[in-house]
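Asker:
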Ligand SMILES: Nc1ncnc2c1ncn2[C@@H]1O[C@H](COP(=O)(O)OP(=O)(O)OP(=O)(O)O)[C@@H](O)[C@H]1O
Ligand SMILES: [Mg+2]
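Residue numbers (the working numbering): 2 to 220.
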């Protein structure tokens, strides 16, 4: 599903990632942990094609994404990769349903009715269908994050990357979100790579990767 080989990334003199190799199978929930500034977001962005490594390669489903040009990459990313961030990044002017549908419209799908039906199906799956006409400011933090999860799922991505998805939630809401990831893995065989400071989530994952001194420690 995902293979990264010899990933190196520096910012000026700061060597953030020294030589990272990762192999992730489909249907796995992987956690990435490490101290603040260790390079977790940097690695996640490189694996998720939002950033490029100085050296090394990333393969997603056998495709060398480090070799794709920016235009092809944007399209590839929209179709195959989902993202969930610490601060949901939902568009404030749009309702939950509209936010969820945006990736489908961006992929060039013009079937408005089918897209909205898929959006509603996802909202239902995540238990927030009754919030479909709410804008982000009219939802709780947990509902906003569920909406962000639904948006990430919209285009049936091969893999979802999450950067501290529960960092902004109280512990009970966070627990609900974490359970949701495992439910989606069980029901959809969805693959997740999750950066987290949450020890419980890190421990629940199938594989826990720690970044330390620019290297990966496999727990
Ligand atoms: N665009 C950039 N330019 C220069 N330095 C950067 C840039 N992005 C990140 N860094 C530095 O690289 C290091 C790794 O940053 P990164 O955001 O990956 O850390 P992190 O592990 O995600 O930390 P946190 O847990 O605080 O989110 C940090 O020291 C940071 O200051
Ligand atoms: Mg970070």
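All C-beta atoms, glycine included, are put in the ideal place defined by N, C-alpha and C. What you are looking at is a predicted structure, and each value in this text was computed from that prediction instead of being measured.
Which term fits residue 31, buried or exposed, when burial requires 16 or more other beta carbons within 10 angstroms of its beta carbon?
Answerer: buried
Asker: Here's the rule: buried if 16 or more other CB atoms are within 10 angstroms of the residue's CB, otherwise exposed. What is residue 64?
Answerer: exposed
Asker: Could you check the C-alpha separation between residue 50 and residue 188 for me, to the nearest Å?
Answerer: 26 Å
Asker: Just confirm the distance between the C-beta atoms of residue 43 and residue 69, as a whole number of angstroms; I'd bet it's less than 8 Å.
Answerer: Not confirmed; about 19 Å, so no contact.
Asker: Suppose only complete runs of 4+ residues qualify. What are the alpha helix (DSSP H) ranges in the stretch 17 to 78, listed by chain order?
Answerer: 41 to 48
Asker: Since I believe residue 105 is in contact with residue 212 (beta carbons under 8 Å), could you give me their beta-carbon distance rounded to a whole number of angstroms?
Answerer: Contact flag wrong, Cβ pair sits at about 33 Å.
Asker: In terms of DSSP beta bridges, what is residue 165 paired with?
Answerer: Its beta-bridge partners do not exist; DSSP assigns none.
Asker: Could you check which residue in 7, 16, 4 and 5 has the C-alpha nearest to that of residue 214?
Answerer: With distances taken between Cα atoms, residue 214 lies closest to 16.
Asker: Pick out whichever of 158, 156, 131 and 157 has its Cα sitting closest to the Cα of residue 145.
Answerer: The residue with the shortest Cα to Cα distance from residue 145 is 131.
Asker: Is it true that the CB of residue 195 sits closer than 7 Å to the CB of residue 152?
Answerer: no
Asker: Classify residue 88 as helix, strand or coil using the three-state DSSP reduction.
Answerer: coil
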